[in-house]
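These notes are about the structure you will find just below.
In UniProt numbering, the protein residues as written are 1 to 71.
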């Protein structure tokens, strides 16, 4: 699969397994952080709803280790 989103291939569309295996731990960690951020935002929204309040603006959080921001 030579997709632009497939990390096994470089920008030229050629397989680059060495780079992929080097980046694989970072890719996994990034996916984990994405999943955690999604889950925590859902939990916060549920707590807001269960306590009789409603959200009137976006929730914005930052992952301390990576500095990545989520909305």
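Think of the CB as a built atom: it goes at the ideal place given N, C-alpha and C, for glycine as much as any other residue.
Please read all numbers here as calculations on a predicted model, not as lab measurements.
Have a look at 65, 42, 69, 20 and flag the residue whose alpha-carbon is nearest the alpha-carbon of residue 55.
42
Nearest-angstrom beta carbon gap, residue 59 and residue 44 [assumed within contact, 8 angstroms]:
6 angstroms
Based on the DSSP secondary-structure assignment, which residues constitute the bridge partners of residue 15? Paired residues: 9.
- Query: If you draw a straight line from the C-alpha of residue 32 to the C-alpha of residue 17, how long is it?
  - Reply: 22 angstroms
*In three-state terms, what does DSSP make of residue 61?*
strand
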